[in-house]
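Colleague: So the sequence shown is residues 39 to 508, counted in the numbering used here. Quick one: the structure is below, and I'll ask about it shortly.
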Amino acid sequence: MQAVRSQRKSFVKEVVPTLPLYRSAPALEVRLEEFELFALDRLRVLKGISDGLSRGKKHDEMQKLAIELWKTNMRHPQASEVVNKDIISHFVLRLVYCRTEDLRKWFLSMETALFRYRFMNEQPEPQRALMEEFDLPYKAVGGSELESVIDKLVQVSRSLGAQSQPTASDIFFKVPFEEVPELVASRRVFISKGHAYIARNQVVSLVATQFRSLLSKALILTNRKWTTTIAEQEKDRLTPIVEALSSSYLGPDYSEPKEFGQISLKDIDDAAKSSFPLCMRQLFEKLREDHHLKHGGRMQLGLFLKGVGLKLDDALAFWKAEFSQKVGVERFDKEYSYGIRHNYGREGKRTDYTPYSCQKIISSTPGVGDHHGCPYRYFSEENLRAALGKMGVTGRAVGDVMDKVKNKHYQLACTLTFEAIHGSSCDAGINHPNQYFKDSQTIIKSKVCSLRESFKVPSEADIAYSRSTV
Numbered sequence: 039m040q041a042v043r044s045q046r047k048s049f050v051k052e053v054v055p056t057l058p059l060y061r062s063a064p065a066l067e068v069r070l071e072e073f074e075l076f077a078l079d080r081l082r083v084l085k086g087i088s089d090g091l092s093r094g095k096k097h098d099e100m101q102k103l104a105i106e107l108w109k110t111n112m113r114h115p116q117a118s119e120v121v122n123k124d125i126i127s128h129f130v131l132r133l134v135y136c137r138t139e140d141l142r143k144w145f146l147s148m149e150t151a152l153f154r155y156r157f158m159n160e161q162p163e164p165q166r167a168l169m170e171e172f173d174l175p176y177k178a179v180g181g182s183e184l185e186s187v188i189d190k191l192v193q194v195s196r197s198l199g200a201q202s203q204p205t206a207s208d209i210f211f212k213v214p215f216e217e218v219p220e221l222v223a224s225r226r227v228f229i230s231k232g233h234a235y236i237a238r239n240q241v242v243s244l245v246a247t248q249f250r251s252l253l254s255k256a257l258i259l260t261n262r263k264w265t266t267t268i269a270e271q272e273k274d275r276l277t278p279i280v281e282a283l284s285s286s287y288l289g290p291d292y293s294e295p296k297e298f299g300q301i302s303l304k305d306i307d308d309a310a311k312s313s314f315p316l317c318m319r320q321l322f323e324k325l326r327e328d329h330h331l332k333h334g335g336r337m338q339l340g341l342f343l344k345g346v347g348l349k350l351d352d353a354l355a356f357w358k359a360e361f362s363q364k365v366g367v368e369r370f371d372k373e374y375s376y377g378i379r380h381n382y383g384r385e386g387k388r389t390d391y392t393p394y395s396c397q398k399i400i401s402s403t404p405g406v407g408d409h410h411g412c413p414y415r416y417f418s419e420e421n422l423r424a425a426l427g428k429m430g431v432t433g434r435a436v437g438d439v440m441d442k443v444k445n446k447h448y449q450l451a452c453t454l455t456f457e458a459i460h461g462s463s464c465d466a467g468i469n470h471p472n473q474y475f476k477d478s479q480t481i482i483k484s485k486v487c488s489l490r491e492s493f494k495v496p497s498e499a500d501i502a503y504s505r506s507t508v
């Protein structure tokens, strides 16, 4: 597959009725715009599946979620191009996620999960066609062999709470037990003499294992090609795109506050206590305490404050009031004010910089004396528990947050913190510090309005109207 600026040539004449197995990259040309956009659409699907699994959604819920994500994000104006988009996006992300062991592990798990849900959503005929594509050597068990184990199969079915029990007329496959590890681990199959007897509706486990094995080997080969050839050859064109995609932020743009306008200097301390996520609250408190932050901290907090509505003049006044206590007014004006104006697009290239997303913050590596980055990732357990307690997270909620941290689900840990503090669910999850602030302010203002209604406290508009009628 080659990315070019010219028009892409279609290689699929009609929609294929089965799922692609992505055995080899197609020989086609892809426009750079589609190269990136298709990959981002598929990435939204994979990250949605990852969030659902991390939040402990049940199997049926995950099946529904995965199909909805696929239908929403993987559409194409031309029906005949849907398969092309599927294949192109997979191979682009394979290139993106082949580069490190952690990236490969995540991509392998999510692509296998996606394949599983899509396979289960297929009709029996396409499912059988996929099994034939894998060239699986297993045949259905029948006759006396099935009759000899049917009682055991019924016992397994009953232990799983199945509504209907298997009979000698049902289709079962006999496979080596190591090829269906998840069924064995969850005790959902009968095992005899090294073989597992799997029902027809459990074939997805066998097929998914085969798919995972193929993709795992392919990722290793892709990594070799990337490191030895592609990365250097495409260093001025594709390499920057590939390297950026794995940490891409896929949510709304928080460059400018839209819902709440600007935040004033007199309100900033109250807002920090009520609506700043832990990563920003940590920086804000360190700035108030030490009257200084290193470059990484200034960028992370400064762009966040810009996104929540702190105007340039107020930003200069805010940072100057803190830094001048340590470095003096003259040094601040000489060394630091330029950077603040630069973030607001008033210096240098005049770029209007955007606030950092959770993904970018989590992937940063703070050094000694730095306070930026994600506290859920870098804080010790003791410090994190203390910080959570200071924010008002107590009891069982602290344990739930720590469990997510131990499993490296840092954004989910932040989401649980948000839910514990605000007493409200956040099904979409926290993906951006400015999203945390916006959602927090929405809840707080809603509660204020509810209290006002309960106690019949007149609003400012009501008071103004009353005065005008007197």
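Note that beta-carbon positions come from the ideal geometry of N, C-alpha and C, so glycine has one too. Every value quoted in this text rests on a predicted model; they were computed, and no experiment measured them.
Within its chain, find whatever has a CB closer than 7 Å to the CB of Phe76; leave out the 5 residues flanking it on each side and keep chain order.
Modeller: Only Lys123, Ile126, Ser127, Val130 meet the Cβ criterion.
Colleague: If you compare alpha carbons, which of Val218, Arg238, Asn239 is closest to Ile229?
Modeller: Ranking the options by Cα distance to Ile229, first place goes to Val218.
Colleague: Beta-carbon separation of His410 and Gly334 under 8 Å?
Modeller: A contact, by the Cβ cut-off of 8 Å.
Colleague: Does the structure place the region 319 to 332 close enough to the region 398 to 415 that three or more beta carbon pairs sit under 8 Å?
Modeller: In short, these stretches touch, since the Cβ pair count reaches three.
Colleague: Have a look at Met429, Gly199, Leu133, Leu141 and flag the residue whose alpha-carbon is nearest the alpha-carbon of Thr277.
Modeller: When only C-alpha atoms are compared, the closest one is Leu133.
Colleague: Given this structure, state the Cα-to-Cα distance separating Val192 from Val222, to the nearest angstrom.
Modeller: Taking the straight line from one Cα to the other gives about 16 Å.
Colleague: Suppose the cutoff is 6 Å on Cβ atoms and the five residues either side in sequence are ignored; what does the same chain contact list for Val194 look like?
Modeller: Around Val194: Phe228.
Colleague: So, for Leu350: in the same chain, excluding its five sequence neighbours on each side, which residues have a beta-carbon less than 6 Å away from its beta-carbon?
Modeller: Closer than 6 Å at the Cβ level, and outside the excluded window around Leu350, lie Tyr382.
Colleague: Just list the beta strand (DSSP E) runs in the region 52 to 93, keeping only unbroken ones of 3 residues or longer that don't cross its boundaries, in chain order.
Modeller: Runs found: 67 to 69.
Colleague: When DSSP labels each residue in this structure, what does Ser488 get in the three-state scheme?
Modeller: Helix, per DSSP.
Colleague: Hey, how far is the Cα of Lys102 from the Cα of Cys464?
Modeller: Roughly 19 Å between the two C-alpha positions.
Colleague: Report yes if the CB atom of Phe210 is closer than 8 Å to the CB atom of Ala237, and no otherwise.
Modeller: Going by C-beta atoms, Phe210 is nearer than 8 Å to Ala237.
Colleague: I believe Ser92 touches His447 by the beta-carbon criterion, under 8 Å. Please report the beta-carbon distance rounded to the nearest angstrom.
Modeller: 5 Å between Cβ atoms; contact.
Colleague: Per DSSP, Tyr235 forms a beta bridge with which residues?
Modeller: Tyr235 is bridged to Lys212, Phe228.
Colleague: Check the C-beta distance from Thr455 over to Val443 and give it rounded, since I have them as a contact under 8 Å.
Modeller: Actually they are not in contact, since the Cβ atoms of Thr455 and Val443 sit about 10 Å apart, beyond 8 Å.
Colleague: Note down, in chain order, each residue of its chain lying with its Cβ closer than 7 Å to the Cβ of Leu426, except the 5 sequence neighbours on either side.
Modeller: The answer, listed in chain order, is Val436, Val439, Thr455.
Colleague: Since Thr247 is in the alpha helix (DSSP H), which residue starts that stretch and which ends it?
Modeller: Where Thr247 is concerned, the enclosing alpha helix (DSSP H) stretches over 241 to 263.
Colleague: Could you pull the start and end residues of the alpha helix (DSSP H) that Pro164 belongs to?
Modeller: Looking at the DSSP string, the run of the alpha helix (DSSP H) that includes Pro164 is 162 to 171.
Colleague: I'd like to check one pair, Phe475 with Val346: are the Cβ atoms closer than 8 Å?
Modeller: In contact: Val346 and Phe475 (Cβ atoms closer than 8 Å).
Colleague: Quick check on the DSSP output: the alpha helix (DSSP H) that includes Lys428 runs from which residue to which?
Modeller: Looking at the DSSP string, the run of the alpha helix (DSSP H) that includes Lys428 is 419 to 429.
Colleague: Rank His97, Glu216, Arg61, Phe322 by C-alpha distance to the C-alpha of Leu168 and give the top, closest one.
Modeller: Looking at the Cα atoms, Arg61 is the closest of the given residues.
Colleague: Specify, as a first and last residue, the run of the alpha helix (DSSP H) that Cys464 falls within.
Modeller: Premise fails: Cys464 is in no alpha helix (DSSP H) and is neither H nor E.
Colleague: Hey, how far is the Cα of Ser243 from the Cα of Leu259?
Modeller: The straight-line gap from Cα to Cα measures roughly 25 Å.
Colleague: Given a threshold of 16 other Cβ atoms within 10 Å of its Cβ, counted over all protein chains shown, does Pro204 qualify as buried or as exposed?
Modeller: The residue in question, Pro204, is buried, as its Cβ has 16 or more Cβ neighbours within 10 Å.
Colleague: May I ask you to report which of helix, strand or coil DSSP gives Val179?
Modeller: It is a strand residue.
Colleague: What's the call for Arg336, buried or exposed, on a 16-neighbour Cβ count within 10 Å?
Modeller: Classification of Arg336: buried, given that the 10 Å Cβ count is 16 or more.
Colleague: Residues in its own chain within less than 6 Å of Thr453 by CB, not counting five upstream and five downstream?
Modeller: Counting only Cβ-Cβ distances below 6 Å, and skipping sequence neighbours, we find Cys464, Gly467, Ile468.
Colleague: Does the beta-carbon of Glu270 have 16 or more other beta-carbons within 10 angstroms, so that it is buried, or is it exposed?
Modeller: Counting Cβ neighbours within 10 Å, Glu270 comes out exposed, since fewer than 16 surround it.
Colleague: Using DSSP with H/G/I as helix, E/B as strand and the rest coil, what is Gly366?
Modeller: Coil, per DSSP.
Colleague: Name the residue from Ser286, Trp264, His97 whose alpha carbon lies nearest to the alpha carbon of Arg137.
Modeller: Of the candidates Ser286, Trp264, His97, the one whose C-alpha sits nearest the C-alpha of Arg137 is Trp264.
Colleague: Taking the alpha-carbon positions, what's the Leu339 to Leu321 distance?
Modeller: Straight-line Cα distance between these residues: approximately 7 Å.
Colleague: Which of helix, strand or coil does DSSP assign to Glu385?
Modeller: Coil.
Colleague: Measuring only the C-alpha atoms, how far is Ile459 from Tyr292?
Modeller: The straight-line gap from Cα to Cα measures roughly 23 Å.
Colleague: Span of the alpha helix (DSSP H) holding Met318?
Modeller: First-last of the alpha helix (DSSP H) with Met318: 316 to 328.
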